[in-house]
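Q:
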Amino acid sequence: MTRHPLWLVHAGDGKGKTTAALGLVLRALGHGHRVSVIQFIKGNWKTGEAEAAKRFENLEWLTLGKGFTWLKKPSGTDEEAARSAWEACRERLAAGKHDLLVFDEIHHAIRKGYVPVADVVSSIRARAGSTHVVTTGRGAPPEIVEAADLVSEMRLLKHPYGAGVKAQEGIEF
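Position in the sequence shown (from 1) plus 56 gives the number in the working numbering.
1) Please work out which residues of its chain come closer than 6 angstroms, Cβ to Cβ, to residue 183, disregarding the five sequence neighbours upstream and downstream, and give them in chain order.
2) Thinking residue 95 and residue 160 are a contact (beta carbons under 8 angstroms), I'd like their distance in whole angstroms, please.
3) Measure the alpha-carbon distance for residue 71 versus residue 115 and round it to whole angstroms.
4) Measuring straight from C-alpha to C-alpha, what distance separates residue 84 and residue 60?
5) Span of the alpha helix (DSSP H) holding residue 118?
6) If you follow the beta strand (DSSP E) that residue 63 is part of, which residue opens it and which one closes it?
7) Expressed to the nearest angstrom, what Euclidean distance is found between the alpha-carbon atoms of residue 154 and residue 144?
8) Using DSSP with H/G/I as helix, E/B as strand and the rest coil, what is residue 212?
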């Protein structure tokens, strides 16, 4: 079967962007594909998905963020972490060694001005091989929406956090 490399975008203010991307990761792994997930925002705390990632030989999992940056004042450390994550993305795009790349919360890093949108678009368009790419995060810039092959927007209708229910293991992390 001929592969057509796709760029998929999961955006919007609703829950499920990363979760949808991880569903694609699981599907790709099930077919023996090589996958890399690079997280721009999530910090180094324990999550179910990061723990599960350790069980797959074909899955590279890089958490390069410093936590939820929208909850605090921007710092040079956040920008440095985002630039480091973007450099890891660029290396993998150029190498063409993966079947699927997931750049989790990259839209946030672009919106903050940490990563130039033009560089993201041109690097993904010029990627080596037939690598599929998924980018996630709120506020996908118009340039990304235009350049991507598939764009899905998650819309928040209701969330238990609004009723005072805190994040739960196995659901949010």
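No residue lacks a Cβ here, since even glycine has one placed at the ideal position from N, Cα and C.
A: Taking the geometry as given:
1) To locate residue 183, count along the sequence shown from 1; it is residue 127. Only 149 meet the Cβ criterion.
2) By one-based count along the sequence shown, residue 95 stands at place 39. By one-based count along the sequence shown, residue 160 stands at place 104. Residue 95 to residue 160, Cβ: 4 angstroms. Contact.
3) By one-based count along the sequence shown, residue 71 stands at place 15. By one-based count along the sequence shown, residue 115 stands at place 59. Approximately 24 angstroms, taken between the alpha carbons.
4) Indexing the sequence shown from 1 puts residue 84 at position 28. Indexing the sequence shown from 1 puts residue 60 at position 4. Spanning the two alpha carbons is a distance of roughly 15 angstroms.
5) As a first step, residue 118 must be located in the sequence shown, where it is residue number 62. Careful: residue 118 lies outside any alpha helix (DSSP H), inside the beta strand (DSSP E) at 115 to 119.
6) For the purposes of this step, residue 63 is taken as residue 7 along the sequence shown, with counting starting at 1. That run of the beta strand (DSSP E) goes 63 to 68.
7) The residue given as residue 154 occupies position 98 in the sequence shown. The residue given as residue 144 occupies position 88 in the sequence shown. Residue 154 and residue 144 have their alpha carbons spaced roughly 13 angstroms apart.
8) Here residue 212 corresponds to residue number 156 of the sequence shown, with the count starting at 1. Three-state DSSP puts residue 212 in coil, outside helix and strand.
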